[in-house]
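The sequence shown begins at 0 in numbering that gives the first Met the number 0 and counts up one residue at a time.
Structure first, commentary second.
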Amino acid sequence: MRINKFIATSTGFSRRKADEMVLAGKVKVNGEICTVLSTVISNNTDKVEIDGKVLELDKPKLYILLNKPKGYVVSRSDEYGRKTIYDILPKELFALKPVGRLDRNSEGLILLTNDGDLANKILHPKYKLDKTYRVVIAGTLSKEQLTKLRTGVDIGDYVTQPCAIYVRKKSDKATTLKFIIHEGKKRQIRRMLEEVESRVITLKRTQIGDIKSEKLELGNWRPLTRYELQYLKRHKS
């Protein structure tokens with residue numbers, strides 16, 4: 000976007016007035032005075048100021064679904080230099096923030112958006128948006144262990160709420176479980192299983208509410224469909 004259009008759009012000035020301000024040396028781009036009328040501005044990367052005031056356009060709301068691989072941290076940066084989900088995303092999506100968490104050793108779906116209102120709604124405890132996980136554990140679980148997990152487990156600083164757990168596959172070496180929970184405590188499922196002396200082998204989030212990972216390969220992302228976005232906005236606890 001040419002600089003005069005950027006200024007006009009973000010301030011309401013006419014383009015002629017914007018040109019005059021540029022030529023008068025009142026405009027800075029990325030900290031440097033700009034007097035070139037042909038300058039092109041990127042709303043995502045360039046900082047434009049007039050008399051010290053930063054100009055911003057109303058950015059369009061974006062909503063994407065990422066299928067996070069194991070080994071990536073859900074964070075903007077990592078103090079230990081580990082890979083983050085932003086190493087997967089293109090630069091133009093760096094302004095998006097994750098809705099909720101998914102630990103480094105887990106994989107699966109995570110929503111990202113720059114719509115703070117919707118993100119806060121989804122994260123609020125009363126929203127109770129179900130998240131579905133495929134969990135493979137070492138060995139098996141007894142009926143007593145399953146009952147404890149389903150009814151609520153003290154994970155140290157919190158007692159989990161009742162949840163749905165289904166046994167999908169079972170052998171002496173490993174058991175595949177389907178967990179459906181609406182909470183989002185840090186490492187919640189892993190901590191729940193630790194409390195019943197079980198160990199997670201793999202953990203994958205396969206569904207967020209009605210939003211599924213069909214045809215979305217690990218490490219890839221896609222925009223939410225219109226249906227998925229409306230579902231999130233209309234969902235009630």
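Cβ coordinates follow ideal geometry from the N, Cα and C atoms, glycine included.
Quick caveat, the model's predicted, so the values are computed rather than measured.
Exercise for review: Pull up the DSSP beta-bridge partners for residue 202, would you.
Suggested key: 134
**Study point:** Residue-level contact to chain D via CB, residue 107, 9 Å cutoff
**Key:** Looking for chain D here will not work: only one protein chain is present.
**Study point:** Secondary structure, beta strand (DSSP E): runs of 3+ residues fully inside the segment 159-194
**Key:** 163-169 and 173-180
Review point. Going by beta carbon distance, what residues of the same chain come within less than 6 Å of residue 48, once the five residues before and after it are set aside?
Key: 27
Check your understanding: What is the residue span of the alpha helix (DSSP H) that residue 44 lies within?
Key -> Counting along the chain, residue 44 falls outside any alpha helix (DSSP H), and DSSP gives it neither H nor E.
Point to revise | Under the three-state DSSP convention, the category residue 125 falls into | key: helix
Practice item. Mind the definition here: the segment 58-77 touches the segment 212-219 only if three or more C-beta pairs lie below 8 Å; say whether that holds. Key: Look at the beta carbons and you see the segment 58-77 touching the segment 212-219: at least three pairs across the two are nearer than 8 Å.
Check your understanding: Which value, in whole angstroms, describes the spacing of the CA atoms of residue 25 and residue 210?
Key -> 48 Å
Check your understanding: Rounded to whole angstroms, how far is the Cβ of residue 101 from the Cβ of residue 136, which I believe are closer than 8 Å?
Key -> With a Cβ gap of about 18 Å, residue 101 and residue 136 do not count as contacting.
Practice item. Name the two residues that bound the continuous beta strand (DSSP E) containing residue 112. Key: 106-112
Review point. Going by the CB atoms, is the gap between residue 145 and residue 223 shorter than 9 Å?
Key: If you check the CB distance, residue 223 and residue 145 do not come in under 9 Å.
Check your understanding: Applying the criterion that 16 or more other CB atoms from any shown protein chain within 10 Å of the CB defines a buried residue, is residue 233 buried or exposed?
Key -> exposed
Review point. What's the call for residue 36, buried or exposed, on a 16-neighbour Cβ count within 10 Å?
Key: exposed
Review point. Taking residue 50 as the reference, which of 225, 17, 190 and 97 has the closest Cα?
Key: 17
**Study point:** Exposed unless 16 or more other CB atoms sit within 10 angstroms - verdict on residue 165
**Key:** Only exposed fits residue 165, as fewer than 16 other CB atoms lie within 10 angstroms of its CB.
Exercise for review: Less than 8 Å between the CB atoms is what I'm expecting for residue 73 and residue 97, so what's the real figure, rounded?
Suggested key: With 8 Å as the limit, residue 73 and residue 97 qualify as a contact, their Cβ atoms being about 5 Å apart.
Check your understanding: Between residue 206 and residue 226, what straight-line distance do the alpha-carbon atoms span, to the nearest angstrom?
Key -> 15 Å
Practice item. Rounded to whole angstroms, what's the CA-CA distance from residue 108 to residue 185? Just pull it up for me. Key: Take the alpha-carbon of residue 108 and the one of residue 185: they are about 16 Å apart.
Exercise for review: Let me know the beta strand (DSSP E) ranges lying completely inside the segment 58-87, each 3 residues or longer, listed in chain order.
Suggested key: 62-67
Check your understanding: Short check: CB of residue 40 to CB of residue 1, under 9 Å?
Key -> yes
Point to revise | Coil, strand or helix - residue 1 by DSSP | key: strand
Exercise for review: My understanding is that residue 54 touches residue 10, with C-beta atoms under 8 Å, so please give their C-beta distance in whole angstroms.
Suggested key: 6 Å
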